[in-house]
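Residue numbers (the working numbering): -7 to 461.
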């Protein structure tokens, strides 16, 4: 088969490359042997011909050999010389089949970390995005993998973000996710690429929007990601939660409705909040459940109870609050702060009118907000919240806020500066306590917390005309 790659007939060469691709795709032992290098060297010569069929099949064969590029270092050493011709064919060919097969070969070649670091972002992202829009399911899966493997090796900087935005890569990935019938591997590659892009922030002083921001501009793009949660593996569920949690600030209404109405989504998200060891997933999951509760708190409570996850969710939320209190620096984590929800309240003005006041609730404060929602709308949850130690956890947060406020207040009142704390976040803690108080005021009085809470509330109320508790 390798010998007839040198045939004078183009059809014979193309069919030989096609057959070898099938062999190497099936036989891992051959991919990791010296015969793979022999085949690779012969196939690489075919990348210099003009025949589109030969270019497509030779790229296909290389893609199969590169499946073991991490295990066969001889293949890896030779393969680094083929990066440039594959990139050239992927970007310059008008034939979709050539672009697709070259992109597949690049996707597997990027499994080699050294190659991935050397690759130019634009030279991978642009052809991969084309394949995502126009290619076959297999080609689209490899295109998503190429993007994910490329981005794994670098920061999402100005150049990458600009390229992704110009190419429309994010929406192309979502469209592929929506139409994917290639099984779990297709979903996995698309979610992996989207998850990496979701970690990008604004660059160049806010002049370049983060790559994921396009999802907020096209709310319909949220649905395929939400729909992938219920039947996915825990790892993929975590990636979907990571992507969606970035949208809670700008699209909480659409996101809440989509999560609440998607079959099995609420229960699946709750289980990840319970079982995940990642703070980002726990906070992101809590944010998604809050958005869903804003759309239909009844649906959230019903789904949690039907899945028998409500008690465990409450215990996990209380543990999140406790851990945040033990390690305050966790709340300052930039990634956690990126997960936030707007909270709007009406404030009475001096002339009898009212104005809207908006603040951002982020990080572990979202766990307290979700506890407040459950306590307000589910009688059984109130008892569970008490038994889980929420009173103690939340009161510790309030006491620390009170002490911090006293320190800052004493400094600023002796200066020419004014100070307005984020009273909404502090009052969120108080709101949770109020909900719990409705269950057992006697128990709270026994702990001696009520006078302390009232002292804190009074201090905030009289501190500044700009602070409206």
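Built from N, CA and C at the ideal position, the CB exists for glycine as well. Values in this document were obtained by computation on a predicted structure and should not be read as measured data.
At the level of alpha carbons, what is the spacing between residue i and residue j?
| i | j | result |
| --- | --- | --- |
| residue 62 | residue 98 | 14 Å |
| residue 462 | residue 388 | Residue 462 is absent from the model: the chain starts at -7 and stops at 461. |
| residue 392 | residue 164 | 47 Å |
| residue -1 | residue 44 | 16 Å |
| residue 154 | residue 84 | 21 Å |
| residue 324 | residue 367 | Bear in mind that the predicted position of residue 324 carries a pLDDT of just 48, short of 50, making it too unreliable to give a figure here. |
| residue 307 | residue 267 | 11 Å |
| residue 191 | residue 135 | 20 Å |
| residue 49 | residue 22 | 19 Å |
| residue 452 | residue 390 | Its pLDDT being 47, under 50, residue 452 is placed unreliably by the model, and the measurement read from it follows with that caveat. Cα to Cα, residue 452 sits roughly 12 Å from residue 390. |
| residue 182 | residue 247 | 19 Å |
| residue 457 | residue 352 | Residue placement at residue 457 is poorly supported in this model, since its pLDDT is 45, which falls under 50; the coordinates still yield a value, given next. Taking the straight line joining both Cα atoms gives about 20 Å. |
| residue 258 | residue 252 | 6 Å |
| residue 315 | residue 385 | 9 Å |
| residue 409 | residue 224 | Low local confidence applies: a pLDDT of 46 at residue 409 is under 50, so the model's placement there is unreliable, with the coordinate-based value given in what follows. About 53 Å. |
| residue 52 | residue 25 | 19 Å |
| residue 269 | residue 156 | 31 Å |
| residue 1 | residue 115 | 32 Å |
| residue 373 | residue 302 | 8 Å |
| residue 171 | residue 141 | 22 Å |
| residue 196 | residue 151 | Caution is warranted here: a pLDDT of 45 is assigned to residue 196, below 50, making its placement in the model unreliable, and no coordinate value can be reported. |
| residue 131 | residue 378 | 53 Å |
| residue 82 | residue 184 | 22 Å |
| residue 107 | residue 369 | 55 Å |
| residue 255 | residue 297 | 15 Å |
| residue 73 | residue 110 | 12 Å |
| residue 383 | residue 94 | 60 Å |
| residue 100 | residue 57 | 9 Å |
| residue 334 | residue 275 | 15 Å |
| residue 234 | residue 3 | 48 Å |
| residue 290 | residue 365 | 10 Å |
| residue 304 | residue 177 | 31 Å |
Can the beta-carbon of residue i be found closer than 8 Å to that of residue j?
| i | j | result |
| --- | --- | --- |
| residue 330 | residue 264 | no |
| residue 29 | residue 67 | yes |
| residue 133 | residue 159 | no |
| residue 292 | residue 279 | no |
| residue 189 | residue 138 | no |
| residue 221 | residue 232 | yes |
| residue 11 | residue -7 | yes |
| residue 169 | residue 119 | no |
| residue 148 | residue 69 | no |
| residue 465 | residue 228 | No answer is possible for residue 465: it lies beyond the span of the chain, which begins at -7 and ends at 461. |
| residue 77 | residue 124 | no |
| residue 310 | residue 355 | no |
| residue 47 | residue 41 | yes |
| residue 358 | residue 282 | yes |
| residue 161 | residue 200 | no |
| residue 104 | residue 71 | yes |
| residue -5 | residue 60 | no |
| residue 250 | residue 218 | yes |
| residue 288 | residue 262 | no |
| residue 126 | residue 88 | yes |
Is residue i helix, strand or coil by DSSP?
| i | result |
| --- | --- |
| residue 461 | Because the pLDDT at residue 461 is just 36, under 50, the model does not fix this residue reliably, and the value given afterwards should be weighed accordingly. Residue state, collapsed to three classes: coil. |
| residue 240 | coil |
| residue 283 | helix |
| residue 332 | strand |
| residue -7 | coil |
| residue 188 | helix |
| residue 148 | coil |
In the DSSP assignment, find the unbroken alpha helix (DSSP H) run with residue i in it and report its ends.
| i | result |
| --- | --- |
| residue 21 | 20 to 23 |
| residue 36 | 26 to 37 |
| residue 119 | 113 to 126 |
| residue 93 | 88 to 101 |
| residue 106 | 105 to 110 |
| residue 50 | 44 to 57 |
| residue 216 | 214 to 219 |
| residue 63 | Element bounds for residue 63: n/a, residue is neither H nor E. |
| residue 161 | 161 to 171 |
| residue 361 | 357 to 369 |
| residue 206 | 205 to 209 |
| residue 82 | 75 to 84 |
| residue 260 | 257 to 267 |
Cβ of residue i within 7 Å of any heavy atom in the ligand SAM?
| i | result |
| --- | --- |
| residue 60 | Ligands are entirely absent from the displayed structure, and the ligand SAM is therefore not among its contents. |
Is the segment 234 to 252 close to the segment 199 to 218, with three or more CB pairs under 8 Å? yes
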